[in-house]
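Numbering (the numbering used here), first residue to last: 90 to 388.
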Amino acid sequence: METVIVTGGLGRSGRWIVDRLADQYEVVCVDLHHPGFEATAAENVDFRAADLADRGETYDLIDAVDPDAVVHWAAIPSPTRHAGGRVFETNVLAAYNVLTAAGRAGARVVQASSESAYGFAFAEETPLPDALPITEAHPRRPEDPYGLGKVVAEDVADTVVRKHDVSVTSVRPSWIQQPGEYNCRSEATLADLSNGAGNCWSYVDARDVADLVAAALADPVDGHEAVHAAAADTYLDGSVVDACLAFWGEVPDDCGLDADGDASALSTAKAEHLFDWTPSHTWRDAATADVDAPSLTEP
Numbered sequence: 090m091e092t093v094i095v096t097g098g099l100g101r102s103g104r105w106i107v108d109r110l111a112d113q114y115e116v117v118c119v120d121l122h123h124p125g126f127e128a129t130a131a132e133n134v135d136f137r138a139a140d141l142a143d144r145g146e147t148y149d150l151i152d153a154v155d156p157d158a159v160v161h162w163a164a165i166p167s168p169t170r171h172a173g174g175r176v177f178e179t180n181v182l183a184a185y186n187v188l189t190a191a192g193r194a195g196a197r198v199v200q201a202s203s204e205s206a207y208g209f210a211f212a213e214e215t216p217l218p219d220a221l222p223i224t225e226a227h228p229r230r231p232e233d234p235y236g237l238g239k240v241v242a243e244d245v246a247d248t249v250v251r252k253h254d255v256s257v258t259s260v261r262p263s264w265i266q267q268p269g270e271y272n273c274r275s276e277a278t279l280a281d282l283s284n285g286a287g288n289c290w291s292y293v294d295a296r297d298v299a300d301l302v303a304a305a306l307a308d309p310v311d312g313h314e315a316v317h318a319a320a321a322d323t324y325l326d327g328s329v330v331d332a333c334l335a336f337w338g339e340v341p342d343d344c345g346l347d348a349d350g351d352a353s354a355l356s357t358a359k360a361e362h363l364f365d366w367t368p369s370h371t372w373r374d375a376a377t378a379d380v381d382a383p384s385l386t387e388p
């Protein structure tokens with residue numbers, strides 16, 4: 090059985106990835122803190138604590154585990170909860186350290202990028218996309234430290250691929266939702282279109298993200314590729330076209346979305362082509378689903 094390191098594995102979405110991969114791999118779950126020696130890890134799961142912004146700790150960890158693959162999911166997930174410099178420095182250093190060490194170990198990599206790389210979210214004035222649906226070829230124009238850090242992390246991936254000839258997939262998730270806890274469908278979010286304009290009212294279920302990570306590990310790309318992880322539909326009750334007209338007063342000249350449809354603004358055609366992955370979950374069934382989040386430890 091292959092060994093996979095998952096960084097940020099105790100996080101809200103990271104634990105779904107660890108749980109999903111533990112069916113197929115020996116998973117080393119890495120986070121800033123250890124759950125405690127009294128905790129009994131779930132089957133095929135081990136825990137390690139490390140500060141991934143520390144190069145020595147990161148290299149020591151990956152050298153000791155010698156993984157077949159690394160899923161780098163650890164990051165400060167927003168530019169609004171910490172000082173901007175801390176967000177950028179922490180996320181970029183961690184990406185550089187983890188990907189470089191993985192490259193040296195000859196491990197294939199899946200890393201968390203973000204839709205924020207395009208610069209819609211967290212912008213002073215939310216820009217209209219160049220085209221709809223948005224593909225991975227859309228220009229990346231972030232003006233915040235989180236989105237900028239994701240652009241740099243993808244550039245790090247390019248460098249690691251050139252130097253070490255490993256496979257790297259950068260997953261650009263939309264707003265990740267937990268089953269039974271769909272914040273995108275809250276009354277406050279739906280009441281104001283500006284709450285979702287930064288990602289064109291898109292979302293993705295944590296379970297679909299975990300499935301895409303598993304698919305990318307199982308069928309590694311040649312070189313480095315970035316792919317979206319998004320639900321097939323918008324979380325609104327209407328269409329993205331109607332929302333654009335209401336918020337911006339226009340739609341992009343290059344618009345392939347149906348005004349009467351509910352398709353997401355983020356295309357997942359590339360992930361389907363590369364990994365045969367399509368999202369399985371929609372807010373219509375998952376928003377009120379009674380599904381327990383993985384605990385990763387035995388009772």
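For each residue, glycine too, the CB sits at the ideal point set by N, CA and C.
- Annotation for T278: N272, N284, G285 place their beta carbon closer than 7 Å to its own, counting only its chain and skipping 5 residues before and after.
- A184 and A201 have their C-alpha atoms roughly 9 Å apart.
- The beta carbon of T189 sits closer than 7 Å to those of V249, all from its chain and outside the five residues before and after it, given in chain order.
- Put simply, of G100, H123, S256 the residue whose alpha carbon is nearest the alpha carbon of A158 is S256.
- Spanning the alpha carbons of A138 and D351 requires a straight line of approximately 42 Å.
- F177 sits away from P262, with the two beta carbons spaced by 7 Å or more.
- Counting C-beta atoms within 10 angstroms of its own C-beta, L221 has 16 or more neighbours from the protein chains shown and is therefore classed as buried.
- The residue from Q113, H123, V93, D374 with its alpha-carbon nearest to that of T386 is H123.
- In the structure shown, F177 falls within a helical segment according to DSSP collapsed to helix, strand and coil.
- N186 places its beta carbon 7 Å or farther from that of L217.
- In the structure shown, the three-state DSSP call for S259 is strand.
- The beta carbon of S291 sits closer than 6 Å to the beta carbons of S263, A319, S353, A354, L355 from its chain, once the five residues preceding and following it are set aside; these are given in chain order.
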